[in-house]
Amino acid sequence: MNLITIILIAFVALEHFYFMILEMFLWTTKKGIKTFGLKSKEFAQDTKVLAANQGLYNGFLSAGLVYSIITHDKKIAIFFLICVTIAGIYGSYSTKQIKLFLVQGVPAIIALFFCLN
């Protein structure tokens, strides 16, 4: 993998590590509520366990991408970047928010493009 590909993969990994922190630890804070456009503090509290579970999955995506960088394994990087892309597409579709795709899916697609070339 060349340097630009590693940087792009690292960016996607860092994004998902940040999402993990937001969802697992900051969901009920002002930052979490604002970031995800939650209805209220009560709603955040009621959905805290679901968000933590979602955050854990983002952590796994991040860990897989970091592992692909450490091992210089393009196949692993491609697999996890495809997973992130699909998550971005589905998340954007299910929430009707294109911003989700722009933040999550587009960086993964760009990294994937560089990985495949």
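Residue numbers (my numbering): 1 to 117. Just so you know, even glycine gets a beta-carbon here, dropped at the ideal spot from N, CA and C. Since the model is a prediction, treat every value here as computed from it, not as a measurement.
**Report entry** Endpoints, alpha helix (DSSP H) assigned at V84
**Finding:** The residue given as residue 84 occupies position 84 in the sequence shown. Taken as a continuous stretch (DSSP letters only), the alpha helix (DSSP H) holding V84 covers K74 to T95.
Query raised in the report: Out of curiosity, what's the CA-to-CA distance linking A111 and H16?
Result: Working through the sequence shown from its first residue, we reach residue 111 at position 111. Working through the sequence shown from its first residue, we reach residue 16 at position 16. Computed Cα separation, rounded: 14 Å.
Query raised in the report: Over what stretch of residues does the alpha helix (DSSP H) that includes T47 continue unbroken?
Result: Indexing the sequence shown from 1 puts residue 47 at position 47. For T47, there is no enclosing alpha helix (DSSP H), as DSSP marks it with neither H nor E.
Query raised in the report: What residue range is occupied by the uninterrupted alpha helix (DSSP H) comprising L102?
Result: Counting from 1 along the sequence shown, the entry for residue 102 is found at position 102. Counting along the chain, L102 falls outside any alpha helix (DSSP H), and DSSP gives it neither H nor E.
Query raised in the report: Between which two residues does the alpha helix (DSSP H) containing L14 stretch?
Result: In the sequence shown, residue 14 corresponds to position 14, counting from 1. Here the alpha helix (DSSP H) through L14 covers L3 to F25.
Query raised in the report: Looking at C-beta atoms only, is the number of pairs between the region 12-28 and the region 54-67 that lie closer than 8 Å three or more?
Result: Segments in contact, yes.
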